[in-house]
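In my numbering, the protein residues as written are 48 to 621. Even for Gly, the Cβ is constructed at its ideal location relative to N, Cα and C. Treat the numbers as computed from the prediction; the structure is a model and nothing was measured.
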(Lines of atoms letter the chains of each structure in order from A and count residues from 1; the text may use other names and numbers.)
(Lines give C-alpha, C1' and ligand atoms only; values in the text may rest on other atoms or scores of the structure.)
Protein backbone atom coordinates (compact mmCIF):
# COMPACT_ATOMS: atom_id res chain seq x y z
CA UNK A 1 0.00 0.00 0.00
CA UNK A 2 1.02 3.50 -0.33
CA UNK A 3 1.80 4.86 3.09
CA UNK A 4 2.24 8.57 2.55
CA UNK A 5 0.73 10.71 5.29
CA UNK A 6 -1.27 13.86 5.60
CA UNK A 7 -0.48 17.39 6.65
CA UNK A 8 -3.00 18.69 9.18
CA UNK A 9 -3.85 22.29 9.88
CA UNK A 10 -5.33 21.79 13.33
CA UNK A 11 -6.63 19.22 15.72
CA UNK A 12 -10.27 19.42 16.83
CA UNK A 13 -10.78 19.03 20.58
CA UNK A 14 -13.94 17.96 22.38
CA UNK A 15 -14.72 18.99 25.94
CA UNK A 16 -17.95 19.42 27.81
CA UNK A 17 -19.99 18.49 24.76
CA UNK A 18 -18.50 21.34 22.67
CA UNK A 19 -15.85 20.94 19.98
CA UNK A 20 -13.39 23.81 19.98
CA UNK A 21 -10.91 24.86 17.30
CA UNK A 22 -7.55 25.90 18.65
CA UNK A 23 -5.32 28.43 16.90
CA UNK A 24 -2.04 27.16 15.49
CA UNK A 25 1.27 28.70 16.42
CA UNK A 26 4.57 28.33 14.61
CA UNK A 27 7.51 27.11 16.65
CA UNK A 28 11.00 25.99 15.76
CA UNK A 29 11.38 22.24 16.11
CA UNK A 30 13.48 19.34 14.97
CA UNK A 31 13.45 18.54 11.26
CA UNK A 32 14.00 15.19 9.60
CA UNK A 33 16.33 14.99 6.65
CA UNK A 34 14.72 13.14 3.73
CA UNK A 35 15.28 9.40 3.86
CA UNK A 36 16.33 9.26 7.52
CA UNK A 37 14.67 6.72 9.80
CA UNK A 38 14.10 9.16 12.67
CA UNK A 39 13.97 12.86 13.22
CA UNK A 40 17.39 14.24 14.19
CA UNK A 41 16.90 16.00 17.49
CA UNK A 42 18.92 19.15 17.89
CA UNK A 43 18.90 20.08 14.19
CA UNK A 44 16.59 22.90 13.15
CA UNK A 45 16.98 23.44 9.37
CA UNK A 46 13.34 24.56 9.10
CA UNK A 47 10.28 25.48 11.07
CA UNK A 48 7.57 23.03 12.10
CA UNK A 49 4.08 24.43 12.45
CA UNK A 50 2.67 23.38 15.81
CA UNK A 51 -0.98 22.85 16.64
CA UNK A 52 -1.29 24.06 20.25
CA UNK A 53 -3.80 22.12 22.34
CA UNK A 54 -4.05 23.32 25.94
CA UNK A 55 -5.81 20.25 27.31
CA UNK A 56 -3.20 17.96 25.83
CA UNK A 57 -0.55 19.65 27.90
CA UNK A 58 -2.57 19.28 31.10
CA UNK A 59 -1.35 16.78 33.67
CA UNK A 60 -4.93 16.03 34.73
CA UNK A 61 -6.03 12.44 34.38
CA UNK A 62 -9.34 13.82 33.12
CA UNK A 63 -7.94 15.83 30.21
CA UNK A 64 -9.81 15.25 26.98
CA UNK A 65 -7.95 12.74 24.80
CA UNK A 66 -6.51 14.06 21.56
CA UNK A 67 -5.96 11.14 19.22
CA UNK A 68 -3.91 11.18 16.04
CA UNK A 69 -4.78 8.33 13.67
CA UNK A 70 -2.21 7.41 11.04
CA UNK A 71 -3.83 5.97 7.92
CA UNK A 72 -7.36 6.25 6.49
CA UNK A 73 -7.85 2.60 5.62
CA UNK A 74 -10.45 0.33 7.24
CA UNK A 75 -8.62 0.16 10.57
CA UNK A 76 -7.75 3.84 10.86
CA UNK A 77 -11.15 5.16 9.84
CA UNK A 78 -12.96 2.60 12.00
CA UNK A 79 -10.96 3.70 15.04
CA UNK A 80 -11.64 7.38 14.42
CA UNK A 81 -15.32 6.75 13.70
CA UNK A 82 -15.78 4.69 16.86
CA UNK A 83 -14.08 7.33 18.98
CA UNK A 84 -16.30 10.07 17.56
CA UNK A 85 -19.67 8.31 17.49
CA UNK A 86 -19.43 6.07 20.55
CA UNK A 87 -17.37 8.18 22.93
CA UNK A 88 -17.48 11.78 21.69
CA UNK A 89 -13.72 11.90 21.16
CA UNK A 90 -12.55 13.81 18.09
CA UNK A 91 -9.42 12.73 16.25
CA UNK A 92 -7.23 13.83 13.41
CA UNK A 93 -6.62 11.26 10.68
CA UNK A 94 -3.42 11.58 8.65
CA UNK A 95 -3.61 9.74 5.33
CA UNK A 96 -0.63 9.20 3.11
CA UNK A 97 -2.47 8.90 -0.18
CA UNK A 98 -5.07 10.90 -2.08
CA UNK A 99 -7.66 8.12 -1.66
CA UNK A 100 -9.15 6.65 1.52
CA UNK A 101 -9.61 2.92 2.04
CA UNK A 102 -6.07 1.55 1.88
CA UNK A 103 -6.09 -1.73 0.00
CA UNK A 104 -9.90 -1.69 0.40
CA UNK A 105 -10.19 1.42 -1.75
CA UNK A 106 -12.03 1.72 -5.02
CA UNK A 107 -9.63 2.92 -7.72
CA UNK A 108 -11.25 5.09 -10.38
CA UNK A 109 -9.76 5.73 -13.82
CA UNK A 110 -11.68 7.43 -16.64
CA UNK A 111 -15.00 6.46 -15.06
CA UNK A 112 -14.04 2.81 -14.51
CA UNK A 113 -13.89 1.52 -10.93
CA UNK A 114 -11.53 -1.24 -9.76
CA UNK A 115 -11.60 -3.27 -6.56
CA UNK A 116 -8.02 -4.16 -5.62
CA UNK A 117 -8.10 -7.88 -4.94
CA UNK A 118 -11.87 -8.28 -4.65
CA UNK A 119 -13.49 -7.64 -1.27
CA UNK A 120 -16.40 -9.84 -0.26
CA UNK A 121 -18.39 -8.31 2.57
CA UNK A 122 -18.91 -11.43 4.64
CA UNK A 123 -18.05 -11.77 8.29
CA UNK A 124 -18.86 -13.74 11.41
CA UNK A 125 -17.95 -10.76 13.59
CA UNK A 126 -21.32 -9.39 14.67
CA UNK A 127 -20.02 -5.96 15.64
CA UNK A 128 -18.37 -5.46 12.26
CA UNK A 129 -21.50 -6.57 10.38
CA UNK A 130 -23.54 -4.03 12.33
CA UNK A 131 -21.00 -1.27 11.68
CA UNK A 132 -21.04 -1.87 7.92
CA UNK A 133 -24.78 -1.28 7.90
CA UNK A 134 -24.48 1.72 10.18
CA UNK A 135 -22.09 3.40 7.76
CA UNK A 136 -23.89 2.45 4.54
CA UNK A 137 -27.64 2.26 4.04
CA UNK A 138 -29.05 -1.15 3.19
CA UNK A 139 -29.91 0.02 -0.32
CA UNK A 140 -26.23 0.75 -0.96
CA UNK A 141 -25.44 -2.97 -0.63
CA UNK A 142 -25.94 -5.51 -3.37
CA UNK A 143 -26.36 -9.19 -2.54
CA UNK A 144 -24.07 -10.84 -5.05
CA UNK A 145 -23.87 -14.50 -5.99
CA UNK A 146 -20.40 -15.89 -5.50
CA UNK A 147 -19.23 -17.39 -8.75
CA UNK A 148 -15.59 -18.29 -9.00
CA UNK A 149 -14.06 -21.04 -11.05
CA UNK A 150 -10.70 -22.61 -11.71
CA UNK A 151 -9.58 -22.09 -15.30
CA UNK A 152 -7.88 -25.36 -16.15
CA UNK A 153 -6.65 -26.55 -19.53
CA UNK A 154 -8.98 -24.21 -21.37
CA UNK A 155 -12.04 -25.22 -19.33
CA UNK A 156 -13.80 -23.94 -16.25
CA UNK A 157 -14.04 -26.02 -13.09
CA UNK A 158 -16.62 -24.73 -10.61
CA UNK A 159 -15.49 -23.90 -7.11
CA UNK A 160 -17.28 -24.90 -4.90
CA UNK A 161 -17.20 -28.19 -6.79
CA UNK A 162 -20.21 -29.46 -8.74
CA UNK A 163 -20.26 -33.14 -9.65
CA UNK A 164 -21.48 -32.69 -13.22
CA UNK A 165 -19.04 -29.89 -13.90
CA UNK A 166 -16.11 -31.89 -12.54
CA UNK A 167 -16.95 -34.72 -14.95
CA UNK A 168 -17.28 -32.27 -17.81
CA UNK A 169 -14.04 -30.45 -17.02
CA UNK A 170 -11.82 -33.42 -16.23
CA UNK A 171 -13.56 -36.04 -18.31
CA UNK A 172 -14.82 -39.41 -17.12
CA UNK A 173 -11.42 -41.10 -17.16
CA UNK A 174 -9.62 -38.35 -15.26
CA UNK A 175 -12.47 -38.10 -12.75
CA UNK A 176 -12.04 -41.79 -11.93
CA UNK A 177 -8.31 -41.21 -11.62
CA UNK A 178 -8.96 -38.38 -9.14
CA UNK A 179 -11.12 -40.68 -7.02
CA UNK A 180 -8.54 -43.45 -7.26
CA UNK A 181 -5.77 -41.03 -6.34
CA UNK A 182 -7.70 -39.97 -3.25
CA UNK A 183 -8.30 -43.58 -2.26
CA UNK A 184 -4.61 -44.36 -2.65
CA UNK A 185 -3.68 -41.32 -0.54
CA UNK A 186 -5.93 -42.60 2.23
CA UNK A 187 -4.28 -46.02 2.11
CA UNK A 188 -0.70 -44.81 1.54
CA UNK A 189 -0.53 -41.16 2.63
CA UNK A 190 2.71 -39.25 1.97
CA UNK A 191 5.33 -39.92 4.63
CA UNK A 192 6.25 -36.25 4.85
CA UNK A 193 3.20 -34.15 5.72
CA UNK A 194 5.14 -31.29 7.26
CA UNK A 195 4.86 -29.25 4.06
CA UNK A 196 1.88 -27.85 2.18
CA UNK A 197 2.13 -30.38 -0.64
CA UNK A 198 2.26 -33.51 1.53
CA UNK A 199 -0.55 -32.31 3.78
CA UNK A 200 -2.89 -31.58 0.85
CA UNK A 201 -2.04 -34.74 -1.07
CA UNK A 202 -2.92 -36.78 2.03
CA UNK A 203 -6.36 -35.17 2.18
CA UNK A 204 -7.26 -34.67 -1.49
CA UNK A 205 -5.12 -37.11 -3.44
CA UNK A 206 -2.27 -36.10 -5.70
CA UNK A 207 -4.30 -35.62 -8.86
CA UNK A 208 -6.92 -33.24 -7.40
CA UNK A 209 -4.15 -31.44 -5.54
CA UNK A 210 -2.37 -30.93 -8.86
CA UNK A 211 -5.51 -29.65 -10.57
CA UNK A 212 -6.81 -27.32 -7.87
CA UNK A 213 -4.02 -26.24 -5.51
CA UNK A 214 -0.48 -26.47 -6.86
CA UNK A 215 0.04 -23.95 -9.66
CA UNK A 216 -2.03 -21.11 -8.27
CA UNK A 217 -0.41 -21.40 -4.85
CA UNK A 218 3.06 -21.23 -6.38
CA UNK A 219 2.06 -18.08 -8.26
CA UNK A 220 0.64 -16.55 -5.10
CA UNK A 221 3.72 -17.03 -2.92
CA UNK A 222 6.49 -17.29 -5.51
CA UNK A 223 8.04 -20.57 -4.27
CA UNK A 224 7.48 -24.31 -4.92
CA UNK A 225 4.58 -25.70 -2.91
CA UNK A 226 6.78 -28.18 -1.05
CA UNK A 227 8.55 -25.20 0.54
CA UNK A 228 5.35 -24.06 2.27
CA UNK A 229 4.53 -25.39 5.76
CA UNK A 230 1.64 -27.75 6.39
CA UNK A 231 0.08 -25.56 9.07
CA UNK A 232 -0.68 -22.99 6.39
CA UNK A 233 -2.68 -25.58 4.47
CA UNK A 234 -4.55 -26.47 7.64
CA UNK A 235 -5.59 -22.82 8.03
CA UNK A 236 -6.47 -22.18 4.40
CA UNK A 237 -8.65 -25.25 3.90
CA UNK A 238 -9.82 -25.79 7.48
CA UNK A 239 -12.97 -27.94 7.59
CA UNK A 240 -12.63 -28.60 3.87
CA UNK A 241 -11.57 -32.02 2.61
CA UNK A 242 -12.11 -34.25 -0.40
CA UNK A 243 -15.20 -35.71 1.27
CA UNK A 244 -16.75 -32.37 2.32
CA UNK A 245 -16.07 -30.94 -1.14
CA UNK A 246 -17.55 -34.07 -2.75
CA UNK A 247 -20.66 -33.87 -0.58
CA UNK A 248 -21.06 -30.22 -1.52
CA UNK A 249 -20.65 -31.18 -5.18
CA UNK A 250 -23.50 -33.69 -5.03
CA UNK A 251 -25.75 -31.92 -2.49
CA UNK A 252 -25.01 -28.17 -2.71
CA UNK A 253 -26.77 -26.08 -0.09
CA UNK A 254 -28.06 -22.62 -0.87
CA UNK A 255 -26.14 -19.85 0.91
CA UNK A 256 -23.70 -22.33 2.52
CA UNK A 257 -21.79 -20.31 5.11
CA UNK A 258 -20.66 -23.08 7.43
CA UNK A 259 -17.29 -23.16 5.69
CA UNK A 260 -15.99 -19.76 4.65
CA UNK A 261 -14.22 -21.15 1.59
CA UNK A 262 -17.59 -22.29 0.23
CA UNK A 263 -19.92 -19.33 0.85
CA UNK A 264 -22.18 -18.80 -2.15
CA UNK A 265 -23.31 -15.18 -1.78
CA UNK A 266 -22.06 -12.04 -0.14
CA UNK A 267 -22.82 -8.36 0.31
CA UNK A 268 -21.06 -5.74 -1.77
CA UNK A 269 -21.27 -1.92 -1.86
CA UNK A 270 -22.58 -1.00 -5.27
CA UNK A 271 -19.68 1.37 -6.02
CA UNK A 272 -17.05 -0.94 -4.58
CA UNK A 273 -15.43 -1.20 -1.14
CA UNK A 274 -14.12 2.35 -1.32
CA UNK A 275 -17.72 3.55 -1.11
CA UNK A 276 -17.79 2.31 2.49
CA UNK A 277 -14.70 4.27 3.47
CA UNK A 278 -15.59 7.42 1.56
CA UNK A 279 -18.90 7.46 3.43
CA UNK A 280 -17.15 6.72 6.73
CA UNK A 281 -14.84 9.68 6.13
CA UNK A 282 -17.83 11.95 5.46
CA UNK A 283 -19.63 10.81 8.61
CA UNK A 284 -16.48 11.26 10.66
CA UNK A 285 -15.98 14.80 9.42
CA UNK A 286 -19.63 15.58 10.19
CA UNK A 287 -18.86 14.55 13.78
CA UNK A 288 -16.01 17.05 13.97
CA UNK A 289 -13.14 14.76 13.01
CA UNK A 290 -10.46 15.70 10.51
CA UNK A 291 -9.29 13.52 7.61
CA UNK A 292 -6.46 15.22 5.77
CA UNK A 293 -4.80 13.80 2.72
CA UNK A 294 -1.55 13.84 0.77
CA UNK A 295 1.20 14.22 3.35
CA UNK A 296 3.37 11.71 5.09
CA UNK A 297 4.17 11.17 8.73
CA UNK A 298 7.86 11.91 9.20
CA UNK A 299 8.17 11.68 12.96
CA UNK A 300 6.56 10.62 16.20
CA UNK A 301 8.01 12.51 19.13
CA UNK A 302 8.07 10.71 22.46
CA UNK A 303 9.28 11.75 25.88
CA UNK A 304 8.77 10.54 29.41
CA UNK A 305 7.63 7.13 28.22
CA UNK A 306 4.81 8.40 25.97
CA UNK A 307 4.28 9.71 22.46
CA UNK A 308 3.47 13.43 22.67
CA UNK A 309 3.27 14.59 19.05
CA UNK A 310 3.14 13.42 15.46
CA UNK A 311 5.02 15.35 12.76
CA UNK A 312 3.53 15.38 9.27
CA UNK A 313 4.85 16.80 6.02
CA UNK A 314 2.61 18.11 3.26
CA UNK A 315 3.18 17.95 -0.46
CA UNK A 316 4.56 21.48 -0.30
CA UNK A 317 7.17 20.41 2.24
CA UNK A 318 5.60 22.25 5.18
CA UNK A 319 5.74 20.35 8.43
CA UNK A 320 3.12 20.36 11.15
CA UNK A 321 3.40 19.10 14.70
CA UNK A 322 0.24 17.59 16.18
CA UNK A 323 0.26 17.16 19.96
CA UNK A 324 -1.54 14.04 21.09
CA UNK A 325 -2.41 11.86 24.03
CA UNK A 326 -2.70 8.72 21.88
CA UNK A 327 -1.56 7.58 18.45
CA UNK A 328 -3.43 4.87 16.54
CA UNK A 329 -1.29 3.64 13.66
CA UNK A 330 -2.22 1.52 10.66
CA UNK A 331 0.93 2.46 8.74
CA UNK A 332 3.41 -0.40 8.31
CA UNK A 333 4.78 -1.12 11.75
CA UNK A 334 8.30 -1.06 10.30
CA UNK A 335 7.78 2.57 9.22
CA UNK A 336 6.21 3.40 12.57
CA UNK A 337 9.37 2.38 14.44
CA UNK A 338 11.63 4.19 12.00
CA UNK A 339 9.68 7.42 12.56
CA UNK A 340 10.30 7.54 16.32
CA UNK A 341 12.08 10.62 17.69
CA UNK A 342 14.31 10.05 19.61
CA UNK A 343 15.12 6.90 17.66
CA UNK A 344 14.03 3.56 19.04
CA UNK A 345 16.60 1.13 20.37
CA UNK A 346 19.02 -0.40 17.90
CA UNK A 347 17.42 -3.79 18.44
CA UNK A 348 13.93 -2.49 17.61
CA UNK A 349 15.15 -0.49 14.61
CA UNK A 350 16.94 -3.52 13.18
CA UNK A 351 13.82 -5.60 13.71
CA UNK A 352 11.71 -3.02 11.86
CA UNK A 353 14.16 -2.91 8.98
CA UNK A 354 14.04 -6.69 8.68
CA UNK A 355 10.28 -6.94 8.04
CA UNK A 356 9.24 -7.69 4.46
CA UNK A 357 6.09 -7.53 2.33
CA UNK A 358 4.40 -9.21 -0.63
CA UNK A 359 3.07 -6.78 -3.20
CA UNK A 360 0.24 -6.75 -5.70
CA UNK A 361 -0.32 -5.50 -9.22
CA UNK A 362 -3.53 -5.31 -11.26
CA UNK A 363 -3.73 -4.83 -15.02
CA UNK A 364 -7.30 -3.68 -15.77
CA UNK A 365 -8.44 -4.21 -19.36
CA UNK A 366 -11.68 -2.85 -20.83
CA UNK A 367 -13.46 -5.33 -23.10
CA UNK A 368 -16.95 -5.70 -24.64
CA UNK A 369 -19.35 -7.23 -22.14
CA UNK A 370 -20.06 -10.23 -24.35
CA UNK A 371 -16.34 -11.08 -24.43
CA UNK A 372 -16.09 -11.63 -20.69
CA UNK A 373 -17.19 -14.38 -18.32
CA UNK A 374 -19.91 -14.34 -15.63
CA UNK A 375 -17.60 -15.10 -12.67
CA UNK A 376 -16.62 -12.61 -9.99
CA UNK A 377 -13.14 -13.98 -10.54
CA UNK A 378 -11.37 -17.00 -11.96
CA UNK A 379 -8.23 -18.72 -10.70
CA UNK A 380 -5.71 -19.27 -13.46
CA UNK A 381 -3.78 -22.53 -13.08
CA UNK A 382 -2.02 -22.40 -16.41
CA UNK A 383 1.78 -22.40 -16.19
CA UNK A 384 1.98 -20.66 -19.57
CA UNK A 385 0.96 -17.29 -18.14
CA UNK A 386 1.96 -15.15 -15.19
CA UNK A 387 -1.50 -13.94 -14.19
CA UNK A 388 -2.82 -15.69 -11.09
CA UNK A 389 -6.39 -14.51 -10.88
CA UNK A 390 -8.74 -12.48 -13.09
CA UNK A 391 -11.53 -10.32 -11.69
CA UNK A 392 -14.59 -9.39 -13.72
CA UNK A 393 -15.57 -6.10 -12.13
CA UNK A 394 -18.91 -6.05 -13.93
CA UNK A 395 -19.87 -9.23 -12.09
CA UNK A 396 -19.06 -7.64 -8.74
CA UNK A 397 -21.32 -4.70 -9.49
CA UNK A 398 -22.75 -3.18 -12.67
CA UNK A 399 -22.04 0.23 -11.12
CA UNK A 400 -18.28 -0.33 -11.49
CA UNK A 401 -18.39 -0.49 -15.30
CA UNK A 402 -20.04 1.19 -18.27
CA UNK A 403 -22.96 -0.03 -20.33
CA UNK A 404 -22.06 -2.65 -22.91
CA UNK A 405 -18.55 -3.12 -21.54
CA UNK A 406 -16.82 -4.60 -18.56
CA UNK A 407 -13.36 -4.43 -17.08
CA UNK A 408 -11.19 -7.46 -16.37
CA UNK A 409 -8.63 -7.13 -13.59
CA UNK A 410 -5.62 -9.38 -14.19
CA UNK A 411 -3.85 -9.88 -10.88
CA UNK A 412 -0.13 -10.53 -10.55
CA UNK A 413 1.42 -11.43 -7.20
CA UNK A 414 4.78 -9.71 -7.10
CA UNK A 415 7.53 -8.30 -4.93
CA UNK A 416 8.23 -4.60 -5.19
CA UNK A 417 11.34 -4.20 -7.31
CA UNK A 418 11.06 -7.52 -9.17
CA UNK A 419 10.90 -7.91 -12.94
CA UNK A 420 7.11 -7.61 -13.23
CA UNK A 421 6.80 -4.72 -10.81
CA UNK A 422 9.36 -2.61 -12.64
CA UNK A 423 7.93 -3.04 -16.14
CA UNK A 424 6.32 -0.05 -17.78
CA UNK A 425 2.55 0.27 -17.77
CA UNK A 426 2.53 -0.11 -21.54
CA UNK A 427 4.44 -3.40 -21.37
CA UNK A 428 2.18 -4.74 -18.63
CA UNK A 429 -0.96 -3.88 -20.58
CA UNK A 430 0.42 -5.66 -23.64
CA UNK A 431 1.34 -8.66 -21.45
CA UNK A 432 -2.19 -8.74 -20.08
CA UNK A 433 -3.73 -8.68 -23.55
CA UNK A 434 -1.33 -11.39 -24.72
CA UNK A 435 -2.10 -13.67 -21.76
CA UNK A 436 -5.85 -13.32 -22.30
CA UNK A 437 -5.22 -14.57 -25.82
CA UNK A 438 -3.02 -17.47 -24.69
CA UNK A 439 -5.74 -18.57 -22.30
CA UNK A 440 -8.35 -18.30 -25.03
CA UNK A 441 -10.49 -16.04 -22.86
CA UNK A 442 -10.54 -12.83 -24.89
CA UNK A 443 -9.21 -11.88 -28.30
CA UNK A 444 -6.48 -9.28 -27.63
CA UNK A 445 -7.76 -7.22 -30.55
CA UNK A 446 -11.03 -6.41 -28.76
CA UNK A 447 -9.34 -4.88 -25.71
CA UNK A 448 -10.25 -1.20 -25.83
CA UNK A 449 -8.00 0.28 -23.14
CA UNK A 450 -5.93 -0.67 -20.13
CA UNK A 451 -4.76 0.61 -16.77
CA UNK A 452 -2.16 -0.53 -14.23
CA UNK A 453 -2.59 -0.29 -10.46
CA UNK A 454 0.38 -1.11 -8.23
CA UNK A 455 -0.29 -1.82 -4.55
CA UNK A 456 2.92 -2.00 -2.49
CA UNK A 457 2.87 -3.79 0.85
CA UNK A 458 -0.41 -5.53 0.11
CA UNK A 459 0.47 -8.49 2.34
CA UNK A 460 2.84 -8.69 5.29
CA UNK A 461 5.39 -11.37 4.46
CA UNK A 462 5.93 -14.11 7.02
CA UNK A 463 9.53 -15.29 7.00
CA UNK A 464 11.37 -17.21 9.67
CA UNK A 465 12.23 -14.00 11.53
CA UNK A 466 8.98 -12.05 11.42
CA UNK A 467 7.55 -13.18 14.79
CA UNK A 468 10.71 -12.30 16.66
CA UNK A 469 10.97 -8.98 14.80
CA UNK A 470 7.39 -8.00 15.62
CA UNK A 471 7.88 -9.08 19.24
CA UNK A 472 10.92 -6.79 19.60
CA UNK A 473 9.00 -3.86 18.14
CA UNK A 474 5.99 -4.41 20.39
CA UNK A 475 8.25 -4.79 23.42
CA UNK A 476 9.87 -1.43 22.68
CA UNK A 477 6.49 0.26 22.19
CA UNK A 478 5.21 -1.19 25.47
CA UNK A 479 8.23 0.17 27.32
CA UNK A 480 8.75 3.53 25.62
CA UNK A 481 5.49 4.56 23.96
CA UNK A 482 2.54 2.53 25.31
CA UNK A 483 0.08 5.14 24.03
CA UNK A 484 1.01 4.22 20.43
CA UNK A 485 -1.47 1.59 19.27
CA UNK A 486 -0.79 -0.45 16.11
CA UNK A 487 -3.95 -1.69 14.37
CA UNK A 488 -4.91 -3.39 11.11
CA UNK A 489 -3.04 -5.51 8.61
CA UNK A 490 0.23 -3.68 8.08
CA UNK A 491 -0.07 -1.81 11.36
CA UNK A 492 0.29 -5.14 13.18
CA UNK A 493 2.11 -7.04 10.41
CA UNK A 494 -0.74 -9.56 10.38
CA UNK A 495 -2.45 -11.03 7.34
CA UNK A 496 -5.90 -9.79 8.38
CA UNK A 497 -9.02 -9.43 6.31
CA UNK A 498 -10.80 -6.08 6.21
CA UNK A 499 -13.35 -7.05 8.86
CA UNK A 500 -10.73 -8.30 11.29
CA UNK A 501 -8.60 -5.20 10.79
CA UNK A 502 -11.70 -3.23 11.75
CA UNK A 503 -12.09 -5.35 14.88
CA UNK A 504 -8.59 -4.50 16.12
CA UNK A 505 -9.45 -0.81 15.68
CA UNK A 506 -12.79 -1.15 17.51
CA UNK A 507 -11.14 -2.76 20.52
CA UNK A 508 -8.36 -0.15 20.55
CA UNK A 509 -10.86 2.71 20.49
CA UNK A 510 -12.68 1.13 23.42
CA UNK A 511 -9.42 0.80 25.34
CA UNK A 512 -8.61 4.48 24.85
CA UNK A 513 -12.09 5.75 25.65
CA UNK A 514 -13.03 3.56 28.59
CA UNK A 515 -9.78 2.33 30.04
CA UNK A 516 -10.61 -1.26 29.16
CA UNK A 517 -7.70 -3.61 28.62
CA UNK A 518 -8.45 -5.62 25.51
CA UNK A 519 -5.19 -7.20 24.35
CA UNK A 520 -5.44 -6.70 20.61
CA UNK A 521 -2.29 -8.75 20.06
CA UNK A 522 -3.90 -11.79 21.64
CA UNK A 523 -6.69 -11.89 19.08
CA UNK A 524 -5.72 -15.05 17.24
CA UNK A 525 -5.66 -15.41 13.50
CA UNK A 526 -8.37 -17.77 12.22
CA UNK A 527 -9.55 -18.93 15.66
CA UNK A 528 -13.20 -18.90 14.63
CA UNK A 529 -13.25 -17.49 11.15
CA UNK A 530 -13.68 -20.83 9.39
CA UNK A 531 -15.56 -22.68 12.08
CA UNK A 532 -18.82 -24.36 11.20
CA UNK A 533 -21.32 -21.93 12.61
CA UNK A 534 -21.31 -19.99 15.85
CA UNK A 535 -22.84 -20.78 19.20
CA UNK A 536 -26.46 -19.73 19.63
CA UNK A 537 -25.92 -16.92 22.10
CA UNK A 538 -26.54 -13.21 22.43
CA UNK A 539 -23.11 -12.55 23.90
CA UNK A 540 -21.60 -9.48 22.18
CA UNK A 541 -18.21 -11.18 22.07
CA UNK A 542 -19.30 -14.25 20.09
CA UNK A 543 -17.42 -14.39 16.84
CA UNK A 544 -14.99 -11.63 17.74
CA UNK A 545 -11.85 -13.66 18.39
CA UNK A 546 -10.85 -14.57 14.85
CA UNK A 547 -8.81 -11.85 13.14
CA UNK A 548 -8.38 -13.02 9.59
CA UNK A 549 -6.46 -15.35 7.38
CA UNK A 550 -3.11 -16.81 8.10
CA UNK A 551 -0.17 -16.85 5.69
CA UNK A 552 2.68 -19.32 5.27
CA UNK A 553 5.97 -18.87 7.06
CA UNK A 554 8.52 -19.14 4.25
CA UNK A 555 12.26 -19.10 4.75
CA UNK A 556 14.01 -16.43 2.71
CA UNK A 557 16.61 -19.00 1.69
CA UNK A 558 14.02 -20.37 -0.78
CA UNK A 559 14.41 -17.16 -2.78
CA UNK A 560 17.52 -16.11 -4.66
CA UNK A 561 20.25 -14.02 -3.07
CA UNK A 562 19.37 -11.06 -5.32
CA UNK A 563 15.63 -11.41 -4.75
CA UNK A 564 13.94 -8.24 -3.38
CA UNK A 565 13.23 -10.11 -0.13
CA UNK A 566 16.94 -10.60 0.45
CA UNK A 567 18.05 -7.10 -0.41
CA UNK A 568 18.49 -4.46 2.28
CA UNK A 569 15.13 -2.81 2.94
CA UNK A 570 16.32 0.64 1.87
CA UNK A 571 17.42 -0.70 -1.54
CA UNK A 572 13.80 -1.29 -2.59
CA UNK A 573 11.90 1.89 -3.38
CA UNK A 574 8.90 2.59 -1.17
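In this chain, the alpha helix (DSSP H) harbouring residue 442 covers 440-443.
Residue range 452-461 is occupied by the beta strand (DSSP E) that includes residue 454.
Rounded to whole angstroms, residue 114 and residue 179 show a C-alpha spacing of 23 Å.
Per DSSP, the unbroken alpha helix (DSSP H) holding residue 125 starts and ends at 121-134. In the three-state DSSP reduction, residue 611 falls in the helix class (H, G or I).
Straight-line spacing of the CA atoms in residue 553 and residue 528 works out to 20 Å. Its Cα nearest to that of residue 324, the residue 124 stands out among 124, 569 and 378. Within a 10 Å sphere around the beta-carbon of residue 413 sit 16 or more other beta-carbons, which makes this residue buried. With 16 or more other Cβ atoms inside 10 Å of its own Cβ, residue 386 counts as buried.
Contact annotation: residue 228 and residue 423 have beta-carbon atoms that are not nearer than 7 Å.
Take the alpha-carbon of residue 480 and the one of residue 415: they are about 14 Å apart. With fewer than 16 other Cβ atoms inside 10 Å of its own Cβ, residue 145 counts as exposed.
Annotation: the continuous beta strand (DSSP E) that includes residue 406 extends over 403-415. DSSP places residue 488 in the coil class of the three-state scheme, outside both helix and strand.
The shortest CA-to-CA distance from residue 151 to any of 318, 174, 329 and 128 is the one to 318.
CA-to-CA, the gap between residue 249 and residue 171 works out to about 30 Å. Taking C-alpha positions only, residue 315 is separated from residue 350 by approximately 45 Å. Here the C-alpha atom of residue 261 lies approximately 44 Å from the C-alpha atom of residue 346. Going by beta carbons, residue 541 and residue 398 fall outside the 7 Å limit. Nearest Cα to residue 516 within the set 417, 400, 549 and 158: 400. A distance below 7 Å separates the beta carbons of residue 374 and residue 531. In the three-state reduction of the DSSP assignment, residue 189 falls in the strand class, which pools E and B.
In the structure shown, the three-state DSSP call for residue 342 is strand.
With the rule of 3 Cβ pairs closer than 8 Å, the segment 490-507 does not count as touching the segment 351-371. Residue pairing by DSSP places residue 314 opposite 168 and 190 in a beta bridge. Taking the Cα positions, residue 219 is about 28 Å away from residue 483. Contact annotation, residue 164 with residue 407: C-beta distance approximately 7 Å; criterion of less than 8 Å satisfied.
Relative to residue 311, the option among 238, 606, 266 and 191 whose CA is nearest is 191.
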